[in-house]
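*Asks:* Line by line, the protein sequences are chains A and B. Count along the first sequence starting at 1, add 73, and that's the number in UniProt numbering. Count along the second sequence starting at 1, add 73, and that's the number in UniProt numbering.
Protein chains: 2
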Amino acid sequence: RRAAMAAGEEEEDEEEERLRRRFMAPPVSGLRELRRRRRELRSRMELLIMETQAEVCRALAAVDPGAAFAVDTWERKEGGGGISCVLQDGDVFEKAGVNVSVVFGQLSEEAARQMRSRGKTLKASADGKLPFCAMGVSSVIHPKNPHVPTMHFNYRYFEIEEADGTKQWWFGGGTDLTPTYLNEEDAVHFHKTLKEACDKHDPKLYPKYKKWCDDYFFIKHRGERRGIGGIFFDDLDSPSKEEVFQFVQSCAKAIVPCYIPIVKKHCHDAFTPEEKQWQQLRRGRYVEFNLVYDRGTKFGLLTPGSRIESILMSLPLTARWEYMHTPPESSREAEILEVLRNPKDWVH
Amino acid sequence: RRAAMAAGEEEEDEEEERLRRRFMAPPVSGLRELRRRRRELRSRMELLIMETQAEVCRALAAVDPGAAFAVDTWERKEGGGGISCVLQDGDVFEKAGVNVSVVFGQLSEEAARQMRSRGKTLKASADGKLPFCAMGVSSVIHPKNPHVPTMHFNYRYFEIEEADGTKQWWFGGGTDLTPTYLNEEDAVHFHKTLKEACDKHDPKLYPKYKKWCDDYFFIKHRGERRGIGGIFFDDLDSPSKEEVFQFVQSCAKAIVPCYIPIVKKHCHDAFTPEEKQWQQLRRGRYVEFNLVYDRGTKFGLLTPGSRIESILMSLPLTARWEYMHTPPESSREAEILEVLRNPKDWVH
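Here it is, written out as structure tokens:
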């Protein structure tokens, strides 16, 4: 029996060693702790976001071999921390960041107000305290070539403990594409890959989260969407923690097959200075969405002690705003604008 | 008597003709109407903002003779309109805009909520309606040369009619400077000119509005101010409408003498690509402030039918975000950062 235990421990050590080598940095909660509590959902989610970070970074590095990820680990004095992996000024990518964060502590007044405003009933204790834990992986990839689209994804898990000890929990996330020029084949590939990941769980999910994505990434003051969408969901807390986790896991596994083939296909496409300039104007719109509307960015900017450089890593390296810029009718610039104003169904 | 009346009319026609030639475009409320109601404060303020727009545009054109202002007049279907004067890609200025807007109608729910949140008690009628009128002149000047600072000003007047017929009114405004590199002589000149304009009315005004400016143009998530300040005030409704108007007029007259000498002094300064890049990074911060915190931008984006291109004209032509950029100690880049973190008194 002692021998069996030793063998078990050895296996565990091996598994731990495997993860240690695989991850970009040691997890915020510590590998040993995560392995010890491996049955708890918080631990499984932290392992999933670490795994996703590693998988995406490796896939990006493989298509841009000249560039290297800077890996920063940071701590949040109020509780938790994160790992930021950022590649800047590569051959293929202008700026690509993949962040993991695991933060906990007390919800700020402002953050609680924002959550209540979207329908959460958060019963704080007499001293107004609301212990929370938020973890997620998020990423924005801005390529250099205007024929390679920008991609964003984010998968996150939230827990809040109310005054009476009950725990509210939910998942949120999504993956979406922002091309400078429309390529229908790419759009179909991207959406089809996401649909397949969703369909494994419930055929109703993709149409619902596709629409949610089009509605969420809406730059209201422009009447335009940020990109050609993908999937988006938030406040997901049914049918069960386990089932939602499984779904999120499928979405996370779909990131690389969604995007990397599109990068490989176009990263050597020729482009003109005018095409590069149109990309810069679209990057300006990206900045507008992220700073004015994005819930994650706003939550980050409002959370005391959050790491600003990691939150604003989503902003492109460069962006441009021209007064009254309007592309000529029937141009390729007008073509993408039309789709941003009137989203299309890419798969049925 | 008939001859005297005719002479009076002739004089009025001449004055009207003089204004017509002077202004960048016909005023939103019509020149004849403004002249007829010339004793009302709304009319006097509209004439002042038209005058200010013309004066500033002419002064900018004089230092950048190769460039021309595009003048757009626009109407707002809910009521009112405006005149946007924008110079893009000149020899001296990368982007310079001077806007006038005069809008009226019903305050949107969201805008009313935002005003109440800063202490206004706005009693809406049973149907929730709050008739309002807002007018102002606003401008952002982004020069090409990193040794010429960006300048912003805005002077505005607000009226809201409550359910019981009482009118709330207030003025707001300010002028502030955003240099890429610190030049103490320029900072002193800028602040001194503003102080002189304020001191004519009350020696308490400058110190109060200088501090307000430092507090207002604060990029909280960065712990930095947007620039080296100037003056800023809002909700100004005492001692009397007339006195506040006179004060606002003095501030408006100070814009050209504040700024143009600094432009002339530095617009031919040599600069390096590194200095240009630092300017681009500072422009990124400018975008962050305007999209995340600026009250005027937020109000504009929330007001249905407002002219987005005029509101977002404040954004620079180009901006840049680098992950974890930190200038070396004792560099000229670190010098300006220090002042943005700890504002200084430039005049006593």
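Ideal Cβ placement from N, Cα and C applies to all residues, glycine included. No experiment lies behind these values; they were computed from the predicted model shown.
What residues of chain A sit near B:Pro280, judged by a beta carbon separation below 8 Å?
*Replies:* Here the premise fails: no neighbours, minimum Cβ distance about 30 Å.
*Asks:* I'd like to check one pair, A:Trp285 with A:Phe263: are the Cβ atoms closer than 8 Å?
*Replies:* Not closer than 8 Å, so no.
*Asks:* Considering only residues of the stretch 178 to 207 of chain A, which uninterrupted beta strand (DSSP E) runs meet the minimum length of 3 residues and lie entirely inside it, listed in chain order?
*Replies:* Runs of the beta strand (DSSP E) inside the stretch 178 to 207 of chain A: none found.
*Asks:* Taking B:Trp242 as part of the beta strand (DSSP E), name the residues at either end of that continuous run.
*Replies:* Its beta strand (DSSP E) spans residues Lys240 to Thr251.
*Asks:* Going straight from the alpha carbon of B:Met97 to that of B:Val144, what length do you get?
*Replies:* Approximately 7 Å between the Cα atoms of the pair.
*Asks:* Say whether the stretch 251 to 258 of chain B touches the stretch 401 to 415 of chain B, bearing in mind that this needs 3 or more beta-carbon pairs closer than 8 Å, one atom from each stretch.
*Replies:* Output reads yes: the stretch 401 to 415 of chain B touches the stretch 251 to 258 of chain B.
*Asks:* Express the C-alpha separation of B:Glu89 and B:Glu361 in angstroms, rounding to a whole number.
*Replies:* Rounded to whole angstroms, B:Glu361 to B:Glu89 spans 42 Å at the Cα level.
*Asks:* With distances taken from CA atoms, which of A:Trp147, A:Ala135 and A:Arg95 is nearest A:Thr125?
*Replies:* The candidate whose alpha carbon is nearest that of A:Thr125 is A:Arg95.
*Asks:* Give me, in chain order, the residues of the same chain whose beta-carbon lies closer than 7 Å to that of A:Val136; leave out the 5 immediate sequence neighbours on both sides.
*Replies:* Within the same chain, A:Val136 has close Cβ partners Val165, Ile333, Val336, Lys337 and Cys340.
*Asks:* Is B:Met224 helix, strand or coil by DSSP?
*Replies:* In this structure, B:Met224 counts as strand in the three-state DSSP scheme.
*Asks:* Could you say if the stretch 153 to 171 of chain B and the stretch 214 to 224 of chain B meet the contact criterion of at least three C-beta pairs nearer than 8 Å?
*Replies:* Yes, the stretch 153 to 171 of chain B is in contact with the stretch 214 to 224 of chain B.
*Asks:* Nearest by alpha-carbon distance to A:Val175: which of A:Leu120, A:Gly163, A:Leu160 and A:Val129 is it?
*Replies:* Among A:Leu120, A:Gly163, A:Leu160 and A:Val129, the Cα nearest to that of A:Val175 is on A:Leu120.
*Asks:* Looking at the unbroken beta strand (DSSP E) that takes in B:Thr376, where does it start and where does it end?
*Replies:* Where B:Thr376 is concerned, there is no enclosing beta strand (DSSP E), given that its DSSP letter is neither H nor E.
*Asks:* Using 10 angstroms around the beta-carbon of B:Ala270, count the other beta-carbons present and answer buried if the total reaches 16, otherwise exposed.
*Replies:* The residue is buried, with at least 16 neighbouring Cβ atoms inside 10 Å.
*Asks:* In the DSSP assignment, find the unbroken beta strand (DSSP E) run with B:Ile304 in it and report its ends.
*Replies:* Per DSSP, B:Ile304 belongs to the beta strand (DSSP E) from Gly302 to Leu309.
*Asks:* Where do the ends of the alpha helix (DSSP H) carrying A:Val365 lie?
*Replies:* Taken as a continuous stretch (DSSP letters only), the alpha helix (DSSP H) holding A:Val365 covers Pro346 to Val365.
*Asks:* A:Ser323 to A:His274, Cα distance in whole Å?
*Replies:* Roughly 9 Å between the two C-alpha positions.
*Asks:* Take B:Gly373 and list the residues in its own chain whose beta-carbon comes closer than 7 Å to its own, dropping the five residues that flank it on each side.
*Replies:* The answer, listed in chain order, is Ser379 and Ile384.
*Asks:* If I follow the unbroken beta strand (DSSP E) through B:Glu128, where does it start and stop?
*Replies:* B:Glu128 -> not in any beta strand (DSSP E); alpha helix (DSSP H) instead, spanning Leu114 to Val136.
*Asks:* Are the beta-carbon atoms of A:Phe244 and A:Val321 separated by less than 8 Å?
*Replies:* Yes, Cβ-Cβ distance for A:Phe244 and A:Val321 is below 8 Å.
*Asks:* Would B:Leu195 pass as a contact of B:Ile233 if the rule is Cβ separation under 8 Å?
*Replies:* Contact flag set, yes.
*Asks:* In three-state DSSP terms, what is B:Cys158?
*Replies:* Here B:Cys158 sits in strand by DSSP.
*Asks:* Is the number of C-beta pairs between the stretch 103 to 122 of chain A and the stretch 196 to 204 of chain A that are closer than 8 Å three or more?
*Replies:* Verdict: no, contact absent.
*Asks:* Sort B:Arg355, B:Glu85, B:Asp367 and B:Lys314 by Cα distance to B:Asn227 and report the nearest one.
*Replies:* It is B:Asp367 whose Cα lies nearest to the Cα of B:Asn227.
*Asks:* For a quick check, are the C-beta atoms of A:Leu250 and A:Met224 less than 8 Å apart?
*Replies:* Yes.
*Asks:* Would you say A:Gly103 reaches chain B, if we count a Cβ-Cβ gap shorter than 8 Å as a contact?
*Replies:* Output row for A:Gly103: interface = no.
*Asks:* Are B:Lys265 and B:Val420 close, meaning C-beta to C-beta below 8 Å?
*Replies:* A contact, by the Cβ cut-off of 8 Å.
*Asks:* Quick check on A:Tyr396: does DSSP put it in helix, strand or coil?
*Replies:* Coil, per DSSP.
*Asks:* Run through chain B and tell me which residues come within less than 8 Å of A:Gln161, C-beta to C-beta.
*Replies:* Correct list: Glu395 and Tyr396.
*Asks:* Terminal residues of the continuous beta strand (DSSP E) containing A:Val144?
*Replies:* Its beta strand (DSSP E) spans residues Ala143 to Glu148.
*Asks:* At a CB-CB cut-off below 7 Å, which residues of chain A make contact with B:His294?
*Replies:* What B:His294 touches in chain A: Leu374 and Ile381.
*Asks:* Could you check what DSSP says for B:Lys314 in three-state terms: helix, strand or coil?
*Replies:* It is helical.
*Asks:* Who are the neighbours of B:Glu361 on chain A, taking C-beta pairs under 8 Å?
*Replies:* Leu364 and Leu385, listed in chain order.
*Asks:* In this structure, does DSSP put B:Ala343 in helix, strand or coil?
*Replies:* It is coil, neither helix nor strand.
*Asks:* Assuming contact is defined by CB atoms lying nearer than 8 Å, are A:Leu354 and A:Glu395 in contact in what I supplied?
*Replies:* Yes.
*Asks:* In its own chain, which residues sit with a C-beta less than 8 Å from the C-beta of A:Pro330, not counting the 5 before and 5 after it?
*Replies:* Correct list, in chain order: Thr266.
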